[in-house]
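To start, the structure itself, in structure tokens.
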Amino acid sequence: MGNKRLLVLTSTFPRWEGDHEPPFVLELSRRLANTFDVHILAPHACGLAREEIRDQLKIHRFQYAPAHMETLAYEGGMLHRLRQNRLRYLLVPFFLLAQYLAAITLIRKHNIDLIHAHWLVPQGIVAALIKSTLPNAPEILCTSHGGDLFSLRGWLFTALKKWVINKSDHISVVSEAMKQYLIQMDISPEKITVAPMGVDLQSRFIPDKKQRRQNTLVFAGRLVEKKGLIHLIEALPAVLEHYPDLTLRIAGDGPEEASLRSRATKLQLDATIKFLGPIKNEDLPAIYQSGAIAVFPFIISPSGDQEGLGLVMIEALGCGCTLIASDLPAVKDVILDGKTGRLVTPGDTDNIATAITELLGNRDLCKSLAHEGRKYVINKFDWIIVTNNYRRLFNTLLQPPKA
1 MGNKRLLVLT STFPRWEGDH EPPFVLELSR RLANTFDVHI LAPHACGLAR
51 EEIRDQLKIH RFQYAPAHME TLAYEGGMLH RLRQNRLRYL LVPFFLLAQY
101 LAAITLIRKH NIDLIHAHWL VPQGIVAALI KSTLPNAPEI LCTSHGGDLF
151 SLRGWLFTAL KKWVINKSDH ISVVSEAMKQ YLIQMDISPE KITVAPMGVD
201 LQSRFIPDKK QRRQNTLVFA GRLVEKKGLI HLIEALPAVL EHYPDLTLRI
251 AGDGPEEASL RSRATKLQLD ATIKFLGPIK NEDLPAIYQS GAIAVFPFII
301 SPSGDQEGLG LVMIEALGCG CTLIASDLPA VKDVILDGKT GRLVTPGDTD
351 NIATAITELL GNRDLCKSLA HEGRKYVINK FDWIIVTNNY RRLFNTLLQP
401 PKA
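The sequence shown begins at 1 in the working numbering and counts up one residue at a time.
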């Protein structure tokens, strides 16, 4: 008997090898390919093939508009692309319809046994429509990554999310904080599993034997409001009074970049801060390895958006950085304050500056936090563990109901 057939629905997926798009859907899928026949359905974009085989994965791309108009996905994600240009909302119905029809075709052609939909919106909507309209539809696991749960508010989006959850056979979330949020929405705890995405902590995100730059800070991620980077920049003048050779290296791009650069210039920090732009996934370990301390000053944005987990923290710990991050619910899945890192008050510039200054002045503490932090995440977030968790979850869903 052959492997069970898994259909992965996603709107974020590396378009080509070395792309800077988040790779976690690809990484999980390729690790499941030895026990499942994996099909991935992702949006088409100009220049991409409609069908592709990569690492035993059958990649299918659905076209939802003329190629030059397919601008909803990639380059920061759908929410960012919609905020960039509200006319793109006109593409949303075509996107949903195209993904739905393509998924139905694949389900029938390949006798799909299980659907893994990433994000409640939009893929969860597509999966729920399949469940509502297709007789004997496959089992559905819907995974929420954070932004889809926290930032889409109001009665309409709340009702839509509850409908998706009710139609799904099971829900996974990437942090304990997200599970508690769903429970507050009156979702049964039995229907929710905390199952984060993973990081390659065995061969990629590992410490480098070379000497670190002791007074170098690093940050990696999208330059968006919820990352709180403005508060880190405003904390630097106080740190520079003690460590004038301090450097901050920022890897990533996004809509906040211009305002962040402007603020850095006004604070006369152009020589201190290095904006590196978007970094290929394969080059990220070297960024973390170049710094002594990784700082992630996350906040809750006015829209309610916040980190679902923050894989960048795990990547940084994997590379041997000492970690400073904001005291937000999801962050506590990674940082045990004083043991695996240092927590600071979100948006508190003075608190951030004090934490950086104290850690730069205490190398023994930095070394201890980095060591304990890597040990903690490798036992919880390495892809081997994460993949096994998802494999067990899938197999549970595929078991025939008890008589």
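Every residue gets a Cβ at the ideal spot worked out from N, C-alpha and C, and that includes glycine.
As the structure is a prediction and not an experimental result, all values here were calculated from the model.
Same chain, Cβ closer than 6 angstroms to residue i, five either side skipped, listed in chain order
i      : result
Gln99  : Phe62, Val126
Lys161 : Leu120
Ala42  : Thr10, Phe13, Arg61
Glu257 : Leu223
Glu52  : Ile59
Limits of the unbroken beta strand (DSSP E) element including residue i
i      : result
Cys142 : 139 to 144
His371 : His371 -> not in any beta strand (DSSP E); alpha helix (DSSP H) instead, spanning 363 to 378.
Gln214 : 213 to 220
Leu248 : 247 to 251
Thr193 : 192 to 194
His170 : 170 to 173
Bridge partners - residue i, DSSP secondary structure assignment
i      : result
Lys227 : Lys227 is not bridged to any residue.
Leu267 : Per DSSP, none; premise fails for Leu267.
Asp382 : Val199
Ala292 : In DSSP, Ala292 forms no bridge with anything.
Gly277 : Ala251, Gly252
His242 : His242 pairs with nothing; no bridge assigned.
His116 : Val8, Leu141
Phe36  : Lys4
Contact under 9 angstroms by Cβ, residue i with residue j
i      : j      : result
Val295 : Phe381 : no
Ile273 : Ile293 : no
Lys280 : His20  : yes
Ser203 : Arg249 : no
His39  : Leu26  : no
Ala271 : Ile356 : no
Phe150 : Gly347 : no
Leu72  : Leu82  : yes
Phe205 : Gly318 : yes
Gly373 : Thr340 : yes
Arg78  : Pro122 : According to the sequence displayed, residue 78 carries Met and not Arg. Yes, Cβ-Cβ distance for Met78 and Pro122 is below 9 angstroms.
Ile130 : Ile104 : yes
Neighbourhood of residue i by C-beta, 8 angstroms cutoff - its chain only, sequence neighbours within 5 removed
i      : result
Met69  : Leu91
Leu393 : Leu141, His170, Ser172, Thr193, Ala195
Ser132 : Lys167
Tyr64  : Pro43, His44, Glu70, Leu72, Leu91, Phe94, Phe95, Leu97, Ala98, Gln99
Asp350 : Ala235, Ala238
Asp327 : Asp337, Leu343, Val344, Thr345, Pro346
Beta-carbon proximity list for residue i, same chain, < 7 angstroms, skipping 5 on both sides
i      : result
Asp337 : Leu343
Gly254 : Gly76, Arg222, Leu223, Val224
Pro237 : Leu267
Where the alpha helix (DSSP H) containing residue i begins and where it ends
i      : result
Leu129 : 125 to 133
Leu32  : 24 to 32
Leu182 : 176 to 184
Phe298 : That residue, Phe298, is in no alpha helix (DSSP H); it is neither H nor E in DSSP.
Lys161 : 154 to 167
Ile356 : 349 to 360
Leu9   : Element bounds for Leu9: not the alpha helix (DSSP H) but the beta strand (DSSP E), 4 to 9.
Leu149 : 147 to 150
Proximity test, residue i beta-carbon vs the ligand SAH heavy atom, cut-off 8 angstroms
i      : result
Met178 : In the structure on display, the ligand SAH does not appear, and there are no ligands present to speak of.
Task: Residue ranges of each beta strand (DSSP E) within the region 41 to 114, 3 or longer - done: 51 to 54, 57 to 62
Scan the region 312 to 344 and note each continuous alpha helix (DSSP H) run of 4 residues or more that stays entirely inside, going in chain order. none
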